[in-house]
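These notes are about the structure you will find just below.
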Amino acid sequence: DVKVTQSSRYLVKRTGEKVFLECVQDMDHENMFWYRQDPGLGLRLIYFSYDVKMKEKGDIPEGYSVSREKKERFSLILESASTNQTSMYLCASSLLSSGTDTQYFGPGTRLTVL
Amino acid sequence: GENVEQHPSTLSVQEGDSAVIKCTYSDSASNYFPWYKQELGKRPQLIIDIRSNVGEKKDQRIAVTLNKTAKHFSLHITETQPEDSAVYFCAAILHTGGFKTIFGAGTRLFVKA
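This is the structure:
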């Protein structure tokens, strides 16, 4: 059973703070993703990674960066948090060789930026 | 660019009725179409999927149909129950060297007891 965990369920930060969101998966998946989920906008891809030290921009990368130093861990970084980054952040992973990209999601982190 | 449109955004049905959610994708090279269910406060989870070489797939009360010519695919839930209440996301997978998953905006389904 695939397990994807995220470091926090709820976070409250102040504008301008640096924020780290961490995601860990235990199934040796090559692919990892960060999405943000906002009402009416569905799941929007921020960044993804196909392998260690590799990263690709998604649809809304502005204001975010990522780090993948180990295969099982994918971190999302908000260099200087802003109120418009208040959102639910979902991490996901998938197995490259599965041929389907079925994504397994973490429980989400609800970030509030004051 | 690639995109997936999903309708309706909100759907309310009586318990026991059927619910249908429709999606349209833009890139004809898409070849895999999963559906995810996200219950309130929980993570999205895969509930059913269909590959491009199949027209229909059924799993108990849920079924998915695919019309490749029209680039439409739909989720059908029969005999709806209150526990079917959730947000449902369709997605289309584009294989472009790697895989790119494009999600629809989601449909919030309410099943009234």
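Taken in sequence, the protein lines are chains B and Z.
Each step along the first sequence adds one to the number in the working numbering, with nothing skipped, and position 17 is 0.
Each step along the second sequence adds one to the number in the working numbering, with nothing skipped, and position 22 is 47.
Ideal Cβ placement from N, Cα and C applies to all residues, glycine included.
Legend entry - Beta-carbon proximity list for residue 140 of chain B, same chain, < 8 Å, skipping 5 on both sides: Only positions -16 to 97 of chain B appear in the structure, and residue 140 of chain B is not among them; the question remains open.
Legend entry - Of the residues B/67, B/0, B/55, B/97, the one placed nearest residue 33 of chain B, counting alpha carbons only: Numbered from its first residue, the first sequence carries residue 33 of chain B at position 50. With distances taken between Cα atoms, residue 33 of chain B lies closest to B/55.
Legend entry - Within chain Z, the residues that residue 44 of chain B reaches when beta carbons sit closer than 9 Å: Counting from 1 along the first sequence, the entry for residue 44 of chain B is found at position 61. The contacting residues do not exist; residue 44 of chain B stays about 15 Å from chain Z at best.
Inset, instruction - Quick one: grab the DSSP three-state call for residue 59 of chain Z. - result: For this step, residue 59 of chain Z is matched to residue 34 along the second sequence. Three-state DSSP puts residue 59 of chain Z in a strand.
Inset, instruction - Using alpha carbons as the reference points, say which of Z/32, Z/40, Z/41 lies closest to residue 50 of chain Z. - result: Sequence index remark: in the second sequence, residue 50 of chain Z carries index 25 (1-based). Closest option to residue 50 of chain Z, Cα to Cα, is Z/32.
Inset, instruction - Using the Cα positions of residue 41 of chain Z and residue 30 of chain Z, report the straight-line distance between them to the nearest angstrom. - result: Translated into the one-based positions of the second sequence, residue 41 of chain Z becomes position 16. Translated into the one-based positions of the second sequence, residue 30 of chain Z becomes position 5. Distance between the alpha carbons of residue 41 of chain Z and residue 30 of chain Z is about 27 Å.
Inset, instruction - Inspect the CB distances between the stretch 38 to 55 of chain B and the stretch -13 to -1 of chain B and report whether three or more fall short of 8 Å. - result: no
Legend entry - Alpha-carbon spacing of residue 136 of chain Z relative to residue 74 of chain Z, whole angstroms: Sequence index remark: in the second sequence, residue 136 of chain Z carries index 111 (1-based). Sequence index remark: in the second sequence, residue 74 of chain Z carries index 49 (1-based). Computed Cα separation, rounded: 22 Å.
Inset, instruction - Note down, in chain order, each residue of its chain lying with its Cβ closer than 7 Å to the Cβ of residue 12 of chain B, except the 5 sequence neighbours on either side. - result: By 1-based counting over the first sequence, the position of residue 12 of chain B is 29. Cβ within range, chain order: 76, 77, 78.
Legend entry - Beta-ladder partner(s) of residue 120 of chain Z, from DSSP: Numbered from 1 along the second sequence, position 95 holds the residue referred to as residue 120 of chain Z. According to DSSP, which records beta bridges pairwise, residue 120 of chain Z is partnered with Z/124.
Inset, instruction - Express the C-alpha separation of residue 41 of chain B and residue 98 of chain Z in angstroms, rounding to a whole number. - result: Here residue 98 of chain Z is taken as the residue at index 73 of the second sequence, counted from 1. Here residue 41 of chain B is taken as the residue at index 58 of the first sequence, counted from 1. Those two C-alpha atoms are separated by around 24 Å.
Legend entry - In DSSP terms, what residue 39 of chain Z is bridged to: Translated into positions along the second sequence, residue 39 of chain Z becomes position 14. Z/137, per the DSSP bridge assignment.
Legend entry - Which of helix, strand or coil DSSP assigns to residue 81 of chain Z: The residue given as residue 81 of chain Z occupies position 56 in the second sequence. Residue state, collapsed to three classes: strand.
Legend entry - residue 50 of chain B - partner residues in DSSP beta bridges: Here residue 50 of chain B refers to the residue found at position 67 of the first sequence. DSSP, once it has assigned bridges, lists B/58 as partnering residue 50 of chain B.
Legend entry - chain B contact for residue 130 of chain Z (CB, 8 Å cutoff): By one-based count along the second sequence, residue 130 of chain Z stands at place 105. Yes, residue 130 of chain Z counts as interfacial toward chain B.
Legend entry - CA-to-CA distance, residue 88 of chain B to residue 68 of chain Z, given in whole angstroms: Here residue 68 of chain Z corresponds to residue number 43 of the second sequence, with the count starting at 1. Here residue 88 of chain B corresponds to residue number 105 of the first sequence, with the count starting at 1. In a straight line, the C-alpha of residue 68 of chain Z is about 6 Å away from that of residue 88 of chain B.
Legend entry - Inter-residue spacing [alpha-carbon to alpha-carbon] between residue 85 of chain B and residue 128 of chain Z: Numbered from 1 along the first sequence, position 102 holds the residue referred to as residue 85 of chain B. Numbered from 1 along the second sequence, position 103 holds the residue referred to as residue 128 of chain Z. In this model, residue 85 of chain B and residue 128 of chain Z are separated by some 12 Å (Cα to Cα).
Legend entry - Members of the stretch 33 to 58 of chain Z that neighbour chain B once the beta carbon cut-off is set at 8 Å: 34, 57
Inset, instruction - Taking only beta-carbon positions, decide if residue 73 of chain Z is within less than 8 Å of chain B. - result: Counted from its first residue, the second sequence places residue 73 of chain Z at position 48. Chain B contact via Cβ: absent.
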